[in-house]
Amino acid sequence: MLRLFKKIITTGVVTEKCKVPKEDELERLGIQIKNHIDKNFSGSITIRAVDAGSCNGCELEIHALNNPYYDIERFGIHFAASPRHADVLLVTGPVSRHMQTALLRTYEATPNPKWVVAVGDCAACGGEFGVSYASCGAVSNVIPVDVVIAGCPPTPQALMKGLLGLMKG
Amino acid sequence: MSAANWTANFLNQLTAAAISVEQFSLPSASLWQIESRHWQQFATLAVGQDVRWVAGWAEHVEGRLFINACFEKQGVYVLLRTIVNAAKPELPSQATVYPAASRSERHTQDMFGVHFTGHPDHRRWTRHQAWAKHDYPLRKDFPVQGEPETVTPPDKDYQFIKAHGEGVYEIPVGPVHAGIIEPGHFRFQAVGELILNLEERLGYVHKGIEKIAEGRTPESLARLAGRVSGDTTVGHCWAACRAMEQAAGIEIPPRAALLRGILAERERVANHLGDMGAICNDVAFIFAHMQFSRLRELWLRTNAAVFGHRLLMDRIVPGGVACDLSASACTLIKQEIVQLSKELSEIITAIDLNSSLEDRIYTAGYLAPEIAAAFGTVGYVGRASGQDRDVRRDAPYLPYDHASFKVALEDQGDVASRFWVRYKEINASLKLIKQFIAQLAAGSTLTEWQAPPAGSEALSIVEGWRGETIAYVRFDADNKIARYYPRDPSILNWPALEKLVLNNIVPDFPVCNKSLNGSYSGNDL
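Line by line, the protein sequences are chains L and C.
Take 1 as the starting number for the first sequence in my numbering and just add one per residue.
Take 1001 as the starting number for the second sequence in my numbering and just add one per residue.
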């Protein structure tokens, strides 16, 4: 047990500073924000992540947001286990046709007001998979999208800026 | 018995059983063609010789269907093929003999309309409701766009196995899960907290990868292969590129082979670090989760700094690699390895013999060696249950043919074993990276591509971080892909999850699942 505490102390706090991004910075990162979240939400949003058909690459980077370097919870951004507790749906993947109804139901289950963030190139435009007998392509082909964070996959930094940009309103 | 012997002896056995075999040679495997009526009999004889079923797929070629199955023993691979008429494709099932073949045959049934007679389970598998029962997406006359409805209905009529009795209840989970993970459905039958049965229902992230691969150029296929499963981008990309290179008769430069080896081992380390942390997280041991995710982040940052991509996507290209290592980058990598080894040993000493961790991961999720063998499980799942298999050692390819390393092995078969196998594999990978860097000599990293003749085919087998990863490629005319089939290790490992959770408690399911960590995307294609 002493070794455990020693490791905690010697590791220290590794969390890095991150400022709320400016418009031009968002543009450089390929992040499009159509609406800013209502002032009522300023300072705290709850996210439900939905993989609607991704290759799992985006999920790995969304996971990274919770590691000690990014520690996104310090900004009041929190991941919930149910869409019923969420303000924001973070959707990845081209929407596979087999996930279309599940995504629509998740969207309906999220209380208003709500925002949808499409994460990754596939969610933005269909990416490598496009539209086919098995894929609906971009998330916006299935549910309305408010914010797009591009990248294959987007880096945790781009994800963080995109989400902070969303809260700026 | 030497490796050459089993195929020779087995061919004699087939002759004695009046099964005629036409033999061809492919890179990485022999191709044996038999009559379709002998399909099951072949499997029966093969299982008697402890030959492992590895993969199965089909291909539509001008009114005929090529049915393929791949087998392995002692690192020697045989591709078995039979040809049936596409008008009424029917042949005896191998799933009666090999449980591992079951879902694969159901996939072929859904995608090609092949009827496997005697198959123990004729329910659909990959098909949900996106296309009609008598439409077969992988037939050449099926248009890539299909005829989908505006909204694809949910797959609500799938017949799950039911359990009845006092106190027995059912828990449906998914496809949208509580965590940040891929979608799939799990149907539990439980009594109190005890799991009586688990049935997996996958296919939710089916994106038509096999179909949209058709007609691509080699570069474009490499990009797609790198997205079969995002965590295995190096593994699948390498398998696909190697298959294309073998089909085209191209040899990659030695420097490119070493760089591919470094990329693959870096991918293994990154994923194992993430998994070890996640396993600890699923038993609420946050110290380890934070430490491992910290180490993973540092590792990914080096990927970005040195190779230009955190997950190493699109670094492997047909003919070689699209990245290089400078002398200073090599130094940086070597320093990082020293630092990681030191930190890992500190963390491991701090968590080893921690009673709260031991209590949850020892004996949980036990996969018996005989079940692991029956399903042909690969990678860390197989190796944690005594399945001593590793393509890097058993069927070595560049650059592993000049490397020395020890294949990690455990035999307890529980969550803890799968944790420790990963730890041992990280150490082996770090040694391999050092060896590859030491062997790096100046030279080119890319061979010029040459279009292969139409009909050229190849099978390539590499050891991805999850285990044996396979790609089959056949070329059409004009350098275009006619068929691509990627076999993710998860296809062999997923069925084992249904077995290893039995008699565990429902709250231990997440950690059992994480310890196996199957890819949904790589399974559903």
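By construction, the Cβ of each residue, glycine as well, lies at the ideal position given by its N, Cα and C atoms.
Rounding to the nearest angstrom, what Cα-Cα distance links Asp121/L and Pro1318/C in this structure?
23 Å
Ala1372/C to Gln1387/C, Cα distance in whole Å?
7 Å
Residues, ordered as in the chain, of the region 1194 to 1222 of chain C that lie near chain L by beta-carbon distance below 7 Å:
Gly1203, Tyr1204, Val1205, His1206, Lys1207, Gly1208, Lys1211, Ile1212
First and last residue of the uninterrupted alpha helix (DSSP H) at Gln1246/C
1233 to 1248
CA-to-CA distance, Leu1138/C to Ala1055/C, given in whole angstroms:
17 Å
Go ahead and pull the three-state DSSP assignment for Arg105/L.
helix
Where DSSP assigns a beta bridge to Glu1059/C, which residues make up the other side?
Phe1066/C
Could you tell me which residues DSSP pairs with Ala1190/C in its beta bridges?
Tyr1169/C, Ile1195/C
Please list the residues of the region 1332 to 1353 of chain C that have a C-beta atom closer than 8 Å to any C-beta atom in chain L, keeping them in chain order.
Glu1346, Ile1347, Thr1349, Ala1350, Ile1351
Ala123/L and Thr155/L - do their beta-carbons sit closer together than 7 Å?
no
Please confirm if Ile47/L has its CB atom under 7 Å from at least one CB of chain C.
no
Grab me the residues of Ile1263/C's own chain with a C-beta within less than 6 Å of its C-beta, minus the 5 sequence neighbours each way, in chain order.
The sequence shown places Leu at residue 1263/C, not Ile. Counting only Cβ-Cβ distances below 6 Å, and skipping sequence neighbours, we find Val1234, Leu1312, Arg1315.
In chain order, what residues of the same chain lie with their CB nearer than 8 Å to the CB of Pro1175/C, ignoring the 5 residues before and after it?
Pro1183, Gly1184, His1185, Tyr1204
Taking Cβ-Cβ distances shorter than 7 Å, what residues in chain L pair up with Ile1180/C?
Ala49, Glu59, Ile62, His63, Phe79
By the criterion of Cβ-Cβ separation under 7 Å, what are the contact partners of Arg1103/C in chain L?
Per Cβ cutoff of 7 Å: no residues; Arg1103/C is ~16 Å from chain L at best.
Would Ile1351/C pass as a contact of Leu1357/C if the rule is Cβ separation under 7 Å?
yes
Any chance the region 1440 to 1454 of chain C sits against the region 1022 to 1033 of chain C, with 3 or more Cβ pairs inside 8 Å?
no
Residue range of the unbroken beta strand (DSSP E) whose run includes Leu1091/C
1090 to 1092
Return the bridge partner residues of His78/L from the DSSP annotation.
Thr46/L
Just the chain C side, please: which residues come within less than 8 Å of Ile143/L by C-beta, in chain order?
Here the premise fails: no neighbours, minimum Cβ distance about 11 Å.
In three-state terms, what does DSSP make of Lys1073/C?
strand
Beta carbon of Leu90/L, beta carbon of Ala150/L: below 7 Å?
no
By alpha-carbon positions, which one of Gln1041/C, Pro1027/C, His1272/C, Ser1030/C ends up nearest to Ala1018/C?
Gln1041/C
Cβ-based burial, Met1/L [other Cβ within 10 Å; buried from 16]
exposed
Alpha-carbon spacing of Ala1322/C relative to Thr1445/C, whole angstroms:
8 Å
Thinking Cys136/L and Val95/L are a contact (beta carbons under 8 Å), I'd like their distance in whole angstroms, please.
4 Å
Within a Cβ cutoff of 8 Å, which residues of the same chain sit near Pro144/L, ignoring the five residues on either side of it in sequence?
Val116
Please list the partners that Ile8/L has in chain C, where partner means a Cβ-to-Cβ separation under 8 Å.
Phe1287
In the structure shown, what three-state DSSP assignment does Gly1382/C receive?
helix
Chain-ordered chain L contacts of Leu1273/C [CB-CB under 9 Å]:
The contacting residues do not exist; Leu1273/C stays about 11 Å from chain L at best.
Can you find a CB in chain L that lies within less than 7 Å of the CB of Trp1053/C?
no
Every unbroken alpha helix (DSSP H) within the region 1007 to 1065 of chain C, with a cutoff of 4 residues, ordered by chain:
1039 to 1048
When you compare the CB positions of Gly1208/C and Cys55/L, do they come within less than 7 Å of one another, or not?
no
Can you give me the C-alpha to C-alpha distance between Cys152/L and Gly1274/C, rounded to a whole angstrom?
19 Å
If we ignore side chains and look at the alpha-carbon of each, how far apart do Trp1032/C and Val1473/C end up?
17 Å
Would Arg1418/C and Ala1384/C qualify as a contact pair, given that the criterion is a beta-carbon distance under 7 Å?
yes
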